[in-house]
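Enquirer: Sharing a structure here in structure tokens format.
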Amino acid sequence: MRYRAALFRSALGAGVVLAALPASAEMVEPGAGLQAPLPKDNHPADARLFAALKNASSEAEGRAAEAAIWRHWMATAPNLATRQLLERAMERRESYDFAGARSLLDKAIAAAPGYAEAWNQRGFVRFLQDDFDGALGDVDQAIALEPRHFAAMSGRAIILMRQGRFGLAQSQLRAAVAIHPFLKERGMIVPVAPAAPSGIDL
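Mind the numbering: the sequence shown is residues -25 to -1, 1 to 177 in mature numbering (1 follows the signal peptide of the UniProt record, and there is no 0), read in order.
What follows is the structure, given as structure tokens:
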């Protein structure tokens, strides 16, 4: 349960920043308008955002940079309908309707298989459903599409811990913290003991 809660806090960041996203005039039905692109001004320069994240000098700066990246990931959905599918799925998830959330995310992935955040969100839901193998496959795909996805990486680490693969989990956490130095899950990293000097038996 501790690891499940940690993953929940990590992925919930996407839901928290939804209120800061541009509001659409009206909701559209799933599958409607799938070819309609979002306005170009919803696509900030992600290199600048990740530089701000890596160079943050305080927890507050790190959280602000993280929130900006979450907004970027949501705003760069390939079209409005796909983004709204994710928004509705996260609402279902927060209401503990995991089956309903997964159904919506299945549709989002079918419509936009190249959109990393859809895979990340479905991986989170599958984790909550105790489908650890399926969750791992989804976050792997999210990372393949967006190698800097620190939330998918930390989620992957937590799944690996649940599977008893602690060495791989620690490596994944360290990789995530290299991208996001103030990642909440950084406290789960186990310090590595320094190597003993040559000739000294500890």
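Glycine included, every Cβ here is placed at the ideal spot set by N, Cα and C.
Tell me whether A26 is buried or exposed, calling it buried when 16 or more other Cβ atoms sit within 10 Å of its Cβ.
Expert: A26 is exposed by the Cβ-count criterion.
Enquirer: Taking the C-alpha atoms as reference points, what is the distance between L135 and R161?
Expert: Cα to Cα, L135 sits roughly 15 Å from R161.
Enquirer: Alpha carbon to alpha carbon, how far is P156 from A127?
Expert: Their Cα atoms are separated by approximately 15 Å.
Enquirer: With a cut-off of 8 Å on the beta carbons, I'd call residue 180 and R46 a contact; round off their distance for me.
Expert: Summary: the structure shown does not reach residue 180, with the chain confined to residues -25 through 177, and so no result is reported for it.
Enquirer: Measuring CA to CA, which of S33, N95 and R149 is closest to M163?
Expert: Out of S33, N95 and R149, R149 has the C-alpha closest to the C-alpha of M163.
Enquirer: What is the rounded straight-line gap between the Cα of N95 and the Cα of S32?
Expert: C-alpha separation (whole angstroms): 27 Å.
Enquirer: Measure from the alpha carbon of A42 to the alpha carbon of each residue in H124, A144, V165 and R131, then state which is nearest.
Expert: Comparing Cα-Cα distances from A42 to each of H124, A144, V165 and R131, the minimum goes to H124.
Enquirer: Q104 to F73, Cα distance in whole Å?
Expert: In a straight line, the C-alpha of Q104 is about 7 Å away from that of F73.
Enquirer: Which first and last residues belong to the alpha helix (DSSP H) in which I154 is found?
Expert: Here the alpha helix (DSSP H) through I154 covers F141 to I154.
Enquirer: Pair every Cβ in the segment 81 to 101 with every Cβ in the segment 110 to 119, then say whether three or more of these pairs are closer than 8 Å.
Expert: Contact holds: three or more Cβ-Cβ distances are below 8 Å.
Enquirer: Rounded to the nearest angstrom, how far is the Cβ of K82 from that of L61, given a contact under 8 Å?
Expert: About 10 Å; that fails the 8 Å criterion.
Enquirer: From this set, N54, W48 and L158, which residue's C-alpha is nearest A86's C-alpha?
Expert: A86 has its Cα closest to that of N54, out of N54, W48 and L158.
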